[in-house]
Amino acid sequence: MRVLKYAILGLLRKGELSGYDITSYFKAELGQFWSAKHSQIYPELKKLTDEGFITFRTTIQGTKLEKKMYTLTDSGKQELHAWLTRHHPIPETVKDEFMLKAYFISSLSRQEAADLFTDQLLKRKEKLADLQRSYEKLMASAEPMSFSSPDFGHYLVLTKALEREKTYVSWLEHISAMIQEDTQERP
Ligand code: FER
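The numbering of the sequence shown is this note's numbering, which starts it at 4 and goes up by one.
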């Protein structure tokens, strides 16, 4: 499935955007949990235009620089809504290379295993701190968070990411302690 298609339709839900605006969104908030490359975005905009889900008007910027401003067509609005309301099966588990290494841990010495886990713990703690900063920024506004807030979607992805990283960190701590436990060496 072309999920990028729906990411772009979703970004256009509130009004017109240029290709540059859309690319900027993928570099900011949305890109934190749904990345897309420059090279994927422009062909997708072309495809969505050909399919009639979006349309554009050409504006002139400065003296001669042309800029396309994209909007959803009625068909695009319907397509977005149909996707948003569709119930999907859960996707297969996201691949995590570290978990593949963890699975093969019996090939490592206690010291090597401890080093690997310590490094991962450090990096996951940095990621968690990053998320916590974003969360504090989001919640600093005067409005209480609720379903009616325009930031509710951001709140949802951020709180989920926080829970995931907290769980990851506590698991890493638990396993690190087990690795370092003073038990008899494997023969
Ligand atoms: C943010 C919104 C979402 C953010 C991170 C996320 C760091 C999600 C990250 C993830 O799922 O890993 O503003 O800022």
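Ideal placement from N, C-alpha and C gives every residue a C-beta, glycine not left out. Since we're looking at a predicted model, the values are computed, not measured.
Check                                                                                                                  : Outcome
Residue 35 CB to nearest heavy atom of ligand 1 below 6 Å                                                              : yes
DSSP three-state assignment for residue 72, whether helix, strand or coil                                              : strand
Bounding residues of the alpha helix (DSSP H) (the contiguous stretch that carries residue 201)                        : Because the chain in this structure spans residues 4 to 190, residue 201 falls outside the shown range and cannot be described.
Outcome for residue 10 when other beta-carbon atoms lying within 10 angstroms are tallied against a minimum of 16      : buried
Under the three-state DSSP convention, the category residue 5 falls into                                               : coil
Spatial neighbours of residue 131 in its chain, beta-carbon cut-off 7 Å, leaving aside the 5 residues before and after : 168, 169 and 172
Reduced DSSP category for residue 178 - H, G, I as helix; E, B as strand; rest coil                                    : helix
Near ligand 1: residue 32 beta-carbon under 6 Å from a heavy atom                                                      : yes
Straight-line gap, residue 51 to residue 81 (C-alpha atoms, nearest Å)                                                 : 13 Å
Cβ-based burial, residue 56 [other Cβ within 10 Å; buried from 16]                                                     : buried
When 152, 89, 128 and 185 are compared against residue 165, the one with the closest alpha-carbon                      : 128
Reduced DSSP category for residue 16 - H, G, I as helix; E, B as strand; rest coil                                     : helix
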